[in-house]
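Colleague:
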Amino acid sequence: MESLTHFFNAFIDSYPIFLKGMWLTLELTVVSILFAIVIGLVFALLKLSNIKILEWISNIYVYLVRGTPLIVQIFVLFFGITKLIQMDAFWAASIALAFHNGAYIAEIFRGSIQSIDRGQMEAGRSLGMSTSLTMRRIVLPQAFRRALPPLGNQFIIGLKDSSLAAFISMSELFNIATTLGSAKFDTLTYLLIVAVYYLVLVLLLTLFVNLIERKLAASEK
Amino acid sequence: MTTIDNLMIKVDKLNKSFGDLHVLKDVDLTVKESDVVVLIGASGSGKSTLLRCLNFLEMKNSGDIIIEGEKVEKSTHNLNKVRERVGMVFQHFNLFPHKTVLENIIEAPVKVKGVKKGDAIKEGKELLNKVGLGDKLDVYPSKLSGGQKQRVAIARALAMKPDVMLFDEPTSALDPELVGEVLATMKELAKEGMTMVVVTHEMGFAREVADWVVYMNDGRIVERGHPNDVFDNPKEQRTKDFLNSIL
Ligand SMILES: Nc1ncnc2c1ncn2[C@@H]1O[C@H](COP(=O)(O)OP(=O)(O)OP(=O)(O)O)[C@@H](O)[C@H]1O
Ligand SMILES: [Mg+2]
Numbered sequence: 001m002e003s004l005t006h007f008f009n010a011f012i013d014s015y016p017i018f019l020k021g022m023w024l025t026l027e028l029t030v031v032s033i034l035f036a037i038v039i040g041l042v043f044a045l046l047k048l049s050n051i052k053i054l055e056w057i058s059n060i061y062v063y064l065v066r067g068t069p070l071i072v073q074i075f076v077l078f079f080g081i082t083k084l085i086q087m088d089a090f091w092a093a094s095i096a097l098a099f100h101n102g103a104y105i106a107e108i109f110r111g112s113i114q115s116i117d118r119g120q121m122e123a124g125r126s127l128g129m130s131t132s133l134t135m136r137r138i139v140l141p142q143a144f145r146r147a148l149p150p151l152g153n154q155f156i157i158g159l160k161d162s163s164l165a166a167f168i169s170m171s172e173l174f175n176i177a178t179t180l181g182s183a184k185f186d187t188l189t190y191l192l193i194v195a196v197y198y199l200v201l202v203l204l205l206t207l208f209v210n211l212i213e214r215k216l217a218a219s220e221k
Numbered sequence: 001m002t003t004i005d006n007l008m009i010k011v012d013k014l015n016k017s018f019g020d021l022h023v024l025k026d027v028d029l030t031v032k033e034s035d036v037v038v039l040i041g042a043s044g045s046g047k048s049t050l051l052r053c054l055n056f057l058e059m060k061n062s063g064d065i066i067i068e069g070e071k072v073e074k075s076t077h078n079l080n081k082v083r084e085r086v087g088m089v090f091q092h093f094n095l096f097p098h099k100t101v102l103e104n105i106i107e108a109p110v111k112v113k114g115v116k117k118g119d120a121i122k123e124g125k126e127l128l129n130k131v132g133l134g135d136k137l138d139v140y141p142s143k144l145s146g147g148q149k150q151r152v153a154i155a156r157a158l159a160m161k162p163d164v165m166l167f168d169e170p171t172s173a174l175d176p177e178l179v180g181e182v183l184a185t186m187k188e189l190a191k192e193g194m195t196m197v198v199v200t201h202e203m204g205f206a207r208e209v210a211d212w213v214v215y216m217n218d219g220r221i222v223e224r225g226h227p228n229d230v231f232d233n234p235k236e237q238r239t240k241d242f243l244n245s246i247l
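Going line by line, the protein sequences match chains V and E. For the first sequence, the UniProt record's numbering begins at 1 and goes up steadily by one. For the second sequence, the UniProt record's numbering begins at 1 and goes up steadily by one.
#1: Less than 7 Å between the beta carbons of residue 84 of chain E and residue 128 of chain V, yes or no?
#2: Tell me, please, whether the segment 154–173 of chain E touches the segment 123–133 of chain E by the rule of three or more beta-carbon pairs shorter than 8 Å.
#3: Would you verify that the beta carbon of residue 9 of chain E is, or is not, closer than 7 Å to some beta carbon of chain V?
#4: If we ignore side chains and look at the alpha-carbon of each, how far apart do residue 57 of chain V and residue 32 of chain V end up?
#5: Spatial neighbours of residue 145 of chain V within its chain, please: CB distance less than 7 Å, with the 5 preceding and 5 following residues excluded, ordered by chain position.
#6: Buried or exposed for residue 56 of chain E, going by 16 or more other Cβ atoms inside 10 Å?
#7: Using the C-alpha atoms, what's the distance from residue 5 of chain V back to residue 189 of chain V?
#8: Within the chosen definition, does the segment 130–139 of chain E reach the segment 166–173 of chain E through at least 3 CB pairs nearer than 8 Å?
#9: Taking Cβ-Cβ distances below 7 Å as the criterion, which residues of the segment 105–137 of chain V are in contact with chain E?
#10: Is residue 111 of chain E a contact residue of ligand 1, with contact defined as CB to any heavy atom under 6 Å?
#11: Name the residues in the segment 98–109 of chain E whose C-beta lies less than 7 Å from a C-beta of chain V; which are they?
#12: Out of V:29, V:184, V:168 and V:116, which has the shortest C-alpha to C-alpha gap to residue 80 of chain V?
#13: With C-beta atoms as the reference, is residue 15 of chain E less than 7 Å away from residue 46 of chain E?
#14: Taking the DSSP output, what are the residues bridged to residue 17 of chain E?
#15: Check for me: the alpha helix (DSSP H) holding residue 189 of chain V runs from which residue to which?
#16: Does at least one heavy atom of ligand 1 sit under 6 Å from the Cβ of residue 152 of chain V?
#17: Hey, could you find the ends of the alpha helix (DSSP H) residue 145 of chain V is sitting in?
#18: Helix, strand or coil, according to DSSP, for residue 94 of chain E in the structure here?
#19: Out of curiosity, what's the CA-to-CA distance linking residue 74 of chain E and residue 95 of chain E?
#20: When you compare each of E:80, E:163, E:210 and E:29 to residue 183 of chain E by their alpha carbons, which one comes out closest?
#21: So, with DSSP's three-state summary, where would you put residue 66 of chain E?
#22: So, residue 156 of chain V versus residue 192 of chain V, is the Cβ gap smaller than 7 Å?
#23: So, helix, strand or coil for residue 53 of chain E, using DSSP?
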């Protein structure tokens, strides 16, 4: 009982600073996921281009990202690239997260594009539509629908992975939790508090993805 | 090249292989304007491949394909443009499931030909009335029966105002009671003078509508003639055997 009161008091006391962190986490997540969708789509199309060298480029990208830890990618970008180009921690983290999620999203898009019946492409082309027009107007809208559930999943992973930006001193949720925790010699309480914030964010994200899914499904009925 | 004015399609020594599999062997075919040509033959004899070569969904290995007097080659022609003139109807309809019936119809006219949306809608409605689906404009394909889907697919191809229509087993995926409505639409089209090449197992349709019947076996055209001649007095033993096997 006493520890519960303690938790709630700590929660109330810390919420202004956590809300700021939550905002930063949201910004990081939204910016990186939006870029990741574009990156993922580009590399999925490269992979399906039937042009050997482009397929290879896509394969190598996916292999490099999946084969190395995200924290390494963030550090390489932050300590490496920022030597060459002026870039703050926010953009270093966003770009690292975007390329990281982009590789997984590329695989999601590739699978969903390939799952569309090839009769769809043939029907479009038999009407005089070019391959790229048919891709854009006929195949991709259907593929995107099919990709939504795994995309939603990847969004959640991206949201939680943004906590690694703490290691390049971004004051996002996780960083705030560990900083407060060690300042007050009470790490566990603040980790539990930050867990609540992540749970809320994941819940909101899930509801958002479900909403889109239902909207799209309804438009086919 | 001589152009005979009413020649729609002429195929000359067409050959097509998939890897080691030689699927079309020296195929010759002539389709005149307003002809209805029915292609018959056993499964795997190359009927679909021939149709798909005619609208360049499949690329020939050798031979000539002459469409309306023009020898069409990948190197010299924009094949998208050629396909605008050669409509195709598929066994499995291939309607666009994320678009309504009307959107299916106007997609290509608007996006490919640049027809104004209002005009395309007007023409689309007329076409759908013609195939008996004027009340299904805003319905999604998933809500239609197979026969209705195929009639929408026919209207969709017609919306591009093609000069010739290719049908690849348009009724094979349908429940028996739905075959008639699709055949009726096709008969109507033939009566209006549309040039048609039809792969089908509907011998009644072939007898009634076809000007020519072409029998394919193992990648070659074995026999061709007027329907009554081919069906009642086949010259080739292979044709006889095939007809016996399907009747
Ligand atoms: N894309 C392809 N790749 C490899 N082989 C193919 C391909 N398309 C067709 N074939 C082969 O070519 C041969 C002819 O096929 P096609 O589909 O033209 O026959 P069909 O006469 O239409 O038969 P069906 O009555 O079964 O539709 C078959 O052996 C088939 O397996
Ligand atoms: Mg076939």
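A virtual CB, placed ideally from N, CA and C, is assigned to each residue, including glycine.
Modeller: Taking the geometry as given:
#1: A Cβ-Cβ contact shorter than 7 Å links residue 84 of chain E with residue 128 of chain V.
#2: Touching, per the Cβ criterion.
#3: It does not: the Cβ of residue 9 of chain E has no partner Cβ on chain V nearer than 7 Å.
#4: Linking residue 57 of chain V to residue 32 of chain V through their CA atoms gives a straight-line distance of about 21 Å.
#5: If you ignore the 5 residues before and after residue 145 of chain V, its C-beta comes within less than 7 Å of the C-beta of 216, all in its own chain and listed in chain order.
#6: Residue burial annotation: residue 56 of chain E is buried, with at least 16 other C-beta atoms found within 10 angstroms of its C-beta.
#7: Cα to Cα, residue 189 of chain V sits roughly 11 Å from residue 5 of chain V.
#8: These segments do not touch.
#9: Taking 7 Å as the Cβ-Cβ cut-off against chain E, the residues of the segment 105–137 of chain V that qualify are 119, 120, 122, 123, 125, 126, 127, 128, 129, 130, 133 and 137.
#10: No, the Cβ of residue 111 of chain E stays beyond 6 Å of every heavy atom of ligand 1.
#11: Here the close residues are 98, 107 and 108.
#12: Comparing Cα positions, the closest option is V:168.
#13: For the pair residue 15 of chain E and residue 46 of chain E, the CB atoms are not nearer than the 7 Å cut-off.
#14: Answer is E:22, bridged to residue 17 of chain E.
#15: For residue 189 of chain V, the enclosing alpha helix (DSSP H) stretches over residues 187–218.
#16: Incorrect: residue 152 of chain V has no Cβ contact closer than 6 Å to ligand 1.
#17: Per DSSP, residue 145 of chain V belongs to the alpha helix (DSSP H) from 140–161.
#18: Residue state, collapsed to three classes: coil.
#19: Their backbone Cα atoms lie some 27 Å apart in a straight line.
#20: Nearest option by C-alpha distance: E:210.
#21: Three-state result, residue 66 of chain E: strand.
#22: Not in contact: residue 156 of chain V and residue 192 of chain V (Cβ atoms no closer than 7 Å).
#23: Residue 53 of chain E falls in the helix class under three-state DSSP.
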